[in-house]
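With UniProt numbering applied, the sequence shown corresponds to residues 1 to 156, in that order.
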Amino acid sequence: MFRKLPNAFSFMSRFAVLIPMVAGILMLASVEDAKADFRVCNGTQSLVGGAIGYRTAEGWVTEGWWQIPANSCATLIEGQLQSRYYYLYAEDAGGGGRWAGGINMCVADNEFRIVGVEDCFARGFQRVGFKEYDTGRQGSWMVQLSDAPEAQESNN
1 MFRKLPNAFS
11 FMSRFAVLIP
21 MVAGILMLAS
31 VEDAKADFRV
41 CNGTQSLVGG
51 AIGYRTAEGW
61 VTEGWWQIPA
71 NSCATLIEGQ
81 LQSRYYYLYA
91 EDAGGGGRWA
101 GGINMCVADN
111 EFRIVGVEDC
121 FARGFQRVGF
131 KEYDTGRQGS
141 WMVQLSDAPE
151 AQESNN
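What follows is the structure, encoded as structure tokens:
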């Protein structure tokens with residue numbers, strides 16, 4: 001009375017089980033590829049030191065120095081960007097150029113994380129002009145530094 005189903009049906013049922021598993025793996029892979037961050041790429045032939053400024057719940061924060069070798073990139077902030085505006089200051093380690101702007105913030109000679117942008121000198125820091133980047137609330141952002149500091153580009 002009951003017929004045995006052909007082997008093709010058995011193959012299809014196994015295939016149907018694999019489809020959700022493969023889809024899940026592909027979704028995880030795409031999440032990893034969509035990693036967001038704030039990156040600075042050094043398109044010059046020199047080592048560049050970079051510092052970043054941004055606003056947090058504790059106030060204005062500046063951090064540095066990231067050493068960015070010639071023709072390479074560095075991630076200054078990992079993960080989804082939490083602010084719309086970020087501020088960057090960078091200088092050629094050989095003294096050949098600066099990428100700066102008109103927003104004054106504090107930096108130090110060595111690795112630093114400074115809370116607050118006022119009274120830099122009185123607190124033992126230097127004050128330099130950072131360039132503002134309006135990320136438009138994008139999840140990630142990249143700044144490209146070139147040999148002509150004033151010709152720098154940024155994009156998301």
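Heads up, the beta-carbon is just placed ideally off N, CA and C, and yes, glycines get one too.
- Between the alpha carbons of A108 and E91 lies a distance of about 13 angstroms.
- Assigned with DSSP and collapsed to three states, F112 falls in strand.
- In this chain, the beta strand (DSSP E) harbouring A90 covers Y85 to D92.
- Take I103, set aside five residues on each side of it, and the residues of its chain with a beta-carbon closer than 8 angstroms to its own are G53, Y87, G129, F130, K131 and E132, in chain order.
- Going by DSSP, G49 is part of the beta strand (DSSP E) stretching over V48 to T56.
- A check of alpha carbon separations from Y89 across T75, A70 and M105 identifies M105 as the nearest.
- Going by C-alpha positions, V40 is about 11 angstroms away from S140.
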